[in-house]
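Enquirer: Under this note's numbering, the residues of the sequence shown are numbered 5 to 355, in order.
Note that beta-carbon positions come from the ideal geometry of N, C-alpha and C, so glycine has one too.
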Amino acid sequence: MSRLWHFVICFASAMVFGLSVSAQEGPFGTGWDLDSEASRLQFQSIKNESKIETSSFATLTGGISPSGETQLKLLLDSVDTKVDLRNVRMRFLFFETFQFPEAIISAQIDPALIADLETVRRKTISLPFTLDLHGVTRTEEAKLAVTLIGDDLVAVSTAEPITLSVADYNLDGGLDKLRDAANVTIVPSSSVSFDFIFRKRDGAAPAQTQVVAAAKPASAALEAEGDFSLEACVGRFEILSRTGSINFQPGSARLDQSSTPMLDAVADIVTRCPDLRIQVAGHTDNVGKRRGNQILSERRAASVVKYLTANGVSDSRMESIGFGEDNPLVANDTAEGRGKNRRIEFSVAGS
Numbered sequence: 005m006s007r008l009w010h011f012v013i014c015f016a017s018a019m020v021f022g023l024s025v026s027a028q029e030g031p032f033g034t035g036w037d038l039d040s041e042a043s044r045l046q047f048q049s050i051k052n053e054s055k056i057e058t059s060s061f062a063t064l065t066g067g068i069s070p071s072g073e074t075q076l077k078l079l080l081d082s083v084d085t086k087v088d089l090r091n092v093r094m095r096f097l098f099f100e101t102f103q104f105p106e107a108i109i110s111a112q113i114d115p116a117l118i119a120d121l122e123t124v125r126r127k128t129i130s131l132p133f134t135l136d137l138h139g140v141t142r143t144e145e146a147k148l149a150v151t152l153i154g155d156d157l158v159a160v161s162t163a164e165p166i167t168l169s170v171a172d173y174n175l176d177g178g179l180d181k182l183r184d185a186a187n188v189t190i191v192p193s194s195s196v197s198f199d200f201i202f203r204k205r206d207g208a209a210p211a212q213t214q215v216v217a218a219a220k221p222a223s224a225a226l227e228a229e230g231d232f233s234l235e236a237c238v239g240r241f242e243i244l245s246r247t248g249s250i251n252f253q254p255g256s257a258r259l260d261q262s263s264t265p266m267l268d269a270v271a272d273i274v275t276r277c278p279d280l281r282i283q284v285a286g287h288t289d290n291v292g293k294r295r296g297n298q299i300l301s302e303r304r305a306a307s308v309v310k311y312l313t314a315n316g317v318s319d320s321r322m323e324s325i326g327f328g329e330d331n332p333l334v335a336n337d338t339a340e341g342r343g344k345n346r347r348i349e350f351s352v353a354g355s
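1. What's the gap between the Cα of F241 and the Cα of L168?
2. From S351 to S69, what distance separates their C-alpha atoms?
3. Which stretch, first to last residue, makes up the alpha helix (DSSP H) that contains V92?
4. Would you tell me roughly how many angstroms separate the C-alpha atoms of F327 and R346, rounded to the nearest one?
5. Excluding the 5 residues flanking V140 on each side, which residues of the same chain have their C-beta closer than 6 angstroms to its C-beta?
6. Can you name, in chain order, every residue of its own chain whose Cβ lies under 7 angstroms from the Cβ of A179, other than the five neighbours on each side?
7. In the structure shown, what three-state DSSP assignment does P265 receive?
8. Taking buried to mean at least 16 other C-beta atoms within 10 Å of its own C-beta, is D353 buried or exposed?
9. Reducing DSSP to helix, strand and coil, say where K293 ends up.
10. Using the DSSP secondary-structure output, state which residues sit across from V140 in a beta bridge.
11. Tell me whether N257 sits in a helix, a strand or coil according to DSSP, three-state version.
12. Can you tell me which of E349, A42, N290 puts its alpha carbon nearest to the alpha carbon of T63?
13. Using the C-alpha atoms, what's the distance from E57 back to K86?
14. With distances taken from CA atoms, which of S320, D231, S195, A186 is nearest S49?
Take a look at the structure:
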């Protein structure tokens, strides 16, 4: 997972390298753009100690300015594991794309790094870059192979896989959720590799500090358009119930503002399951009196239904219920355990 963050950064640096143009234009000319259709970025994870899984991202954009300023964006909703519900787990449980929709890679390319590319045609360089992922910004370094294909094309690829640590980007909690949801062990790091193609920009040069990139939608989740199947709906509700991202004011049924992005995503999914009646269930830990916890769980579930109704979901399609402290996921003997037991769960009513 964290691996993917590393790869993103790497590809940013790559673009930068490919900026070998005529001396009269300067090393970066009028700027370069990532050819998203021709470019590929992959990351590998290891599950159950020996099973290697390779995933990628469908939506990458970026550009390099005439001054060498580089910025690349990776839409995390576009994560592609080749399995629909696995994609959903990655989005909601690991990347938390409802709160952190993209990863941004930035670099400033020194013209001296690629000054001789027209002559040597291919070279290996090391490039420092900044990766902004999951609310964390870190400086990394990538070793890249840069190949001048033609006057208008440069290929940039990883000379060595880039290893990323989940802990470095505060993704530990998401990794734990993935492990629980899939019932597997997952190595807390991953390796990233990529092959990028950059195309020289046509026309007059933009402002020296401007990084131009093709406009893309705010979200690019790889899933079928329109309504979901029953299997897809049930699977999504199970995943949504594991996010732990619907929060309330302490001891209250008042929704915390931090819950809004997650609830908006829930509303979209429920809307795309139009033939189903949805149950929203509230659960608490065992702190306090049992009767009070029962009432609190009912009120919290009702608050979620009220929010979803206000955001386009018919209240006739939902029912709220509270289970108080009766159905804990884990023991209530630690703060972490109690936090997991305070939750909202979604399911198809009657399932």
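Expert: By the coordinates alone:
1. 30 angstroms
2. 49 angstroms
3. 88-93
4. 11 angstroms
5. Y173, N174
6. Position check: residue 179 holds Leu in this sequence, whereas Ala was assumed. These residues qualify, in order along the chain: M5, F98, V170, I190, P192.
7. helix
8. Looking at the sequence provided, one finds Ala at residue 353 rather than Asp. That one is exposed.
9. coil
10. L137
11. Rather than Asn, the amino acid found at residue 257 in this sequence is Ala. If DSSP states are grouped into helix, strand and coil, A257 belongs with coil.
12. A42
13. 10 angstroms
14. S195
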